[in-house]
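Heads up: the sequence lines are chains Y and C, in that order.
Residues 331 to 489 (the working numbering) make up the first sequence, in order.
Residues 52 to 259 (the working numbering) make up the second sequence, in order.
Scroll down for the structure; my scribbles are underneath it.
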Amino acid sequence: MVFRTLAFIGPLLIAGAAMAQTGQVEVKDAWARATPGKAETGATYLTIQSPVADRLVAASTPVAKKAGLHTMTMEGSVMKMRPLSGIDVPANQPVTLKPGGMHIMLEGLNEPLQAGKSFPLTLNFEKAGQKQIEVAVEKAGAAGPGGHAGMDMPMSGKR
Amino acid sequence: MASPANPRAPQRFALLAIIFAGVLVVAAGVLLALGLRETPRGAAGTALASAIGGPFRLIDQNGKPFTDADLKGKWHLVFFGYTHCPDACPTALNEMSLALDRLGVKRHEVQVVFITVDPERDTPETLKSYVQSFDAPIVALTGSPQDVAQAAKGYRVFYAKHPRADGDYDMDHSAVIYVMNPEGRFTATFTPDSSADAIVQRLQKLIS
């Protein structure tokens, strides 16, 4: 009898745990650079972590007409921008979108992204579904989130 | 291997010769590419220096004609890009303007020049509001597709439109910052991800 109960409950527990896991995709350090002038294009960077393998397939935001997954590569000295159909997030391996590589390109910005402000961004994951986050806008010269800007480092004094 | 009894030997020899020639061509190309990454020095460098740059006729962000002659007498940092570029172009312009700021009084001896490779979307007005956001004064240039192509050719800059499925397009382009001396001669290069510190240190040596 006890065994039967366990046999019945066991799979339910496992299924429950799996469901909880898929909802655990974590997005952190989402930031964007302030955009120059009336520039219609901006880029958003962030870090995604998930306990199960997942795939970021789309993004959208009310501040721009389009939010596309994009990557920048250098081939020799030639810079190439390409759309991506998705960004794979392996289980338990954080994926970071950062300057000089993958980013979420915002096109047709309604207004410039201003440092100190933030805006909402919705991410669509193949398994975890929709996730809404808030993106912090850093200074135009920022190199990373949370004011980890290379520009404000004191000069080393070395020649 | 090359036994006369083997009637195919000459053919094999020809094939080997072709492969060998191919390897030589590739090796020469690699050496040339490596050489181009370095600052030109010596006789070869002099030849290279005169091969980059040259005359151009474009329009600045105020809608006024602007030619290479307007840059004579000042060091200039020349960068080709486009304002719809989300990542590398603003980074490069920002690092350059920070570098200028750190040059102190010598910053007046250096001019940052941004030439669009996307004249279709980058009008003088677009460029004006774009470069105004950076701390340093930047000359931003556009022009007819022919005039932009001419300027890019002078600087050995490659660019091409890359259409996307959604109807928009990205631009592929050479992302090199050229350092030109007050006579308009090519002197050095920076990569677009060079830090302001690296740029300022190099400029201080060059200008002094």
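Backbone N, C-alpha and C define an ideal beta-carbon position, used for all residues, glycine too.
Owing to the predicted nature of the structure, the values given are computational and were not obtained by experimental measurement.
Using a Cβ-Cβ cut-off of 8 angstroms, C:N113 does not count as an interface residue toward chain Y, since no Cβ of chain Y sits closer than that to its own. A straight-line Cα-Cα distance of about 30 angstroms links Y:G446 and C:D169. Contacts between C:R215 and chain Y, judged by CB atoms closer than 7 angstroms, involve P413 in chain order. Assigned with DSSP and collapsed to three states, Y:H400 falls in strand. Between C:Q201 and C:F107 a beta carbon distance of about 6 angstroms is seen, short of the 8 angstroms cut, so the two are scored as contacting. Within a 10 Å sphere around the beta-carbon of Y:D418 sit fewer than 16 other beta-carbons, which makes this residue exposed. Excluding its 5 nearest sequence neighbours in each direction, C:F209 has C-beta neighbours in its own chain below 6 angstroms: S225, listed in chain order. Its chain contains W361, L427, K428, H433 as the residues whose beta carbon lies nearer than 6 angstroms to that of Y:Y375, once the 5 sequence neighbours on both sides are disregarded; these appear in chain order. Taking a beta-carbon distance threshold of 8 angstroms, C:T142 counts as an interface residue toward chain Y.
Within chain C, no residue has its CB atom less than 7 angstroms from the CB of Y:S448, the nearest being about 18 angstroms off. Along the stretch 180-196 of chain C, the positions whose C-beta sits under 8 angstroms from a C-beta of chain Y are S180, Y181, V182, Q183, S184, F185, read in chain order.
Beta-bridge partners assigned by DSSP to Y:A389: Y:A397, Y:L453.
Any Cβ of chain C closer than 8 angstroms to the Cβ of Y:G474 would place that residue at the interface, and such an atom is absent.
Contact between Y:A421 and Y:V382 holds, since their C-beta atoms are separated by about 5 angstroms, short of 8 angstroms.
The distance from the Cβ of C:Q112 to that of C:L178 is about 4 angstroms, consistent with a contact at the 8 angstroms cut-off.
Each residue's CA atom was taken as its position, placing C:T193 and C:E234 some 22 angstroms apart. A residue is called buried once 16 or more other Cβ atoms fall within 10 Å of its Cβ, and C:P214, having fewer, is exposed.
For Y:P413, the enclosing beta strand (DSSP E) stretches over residues 408-413.
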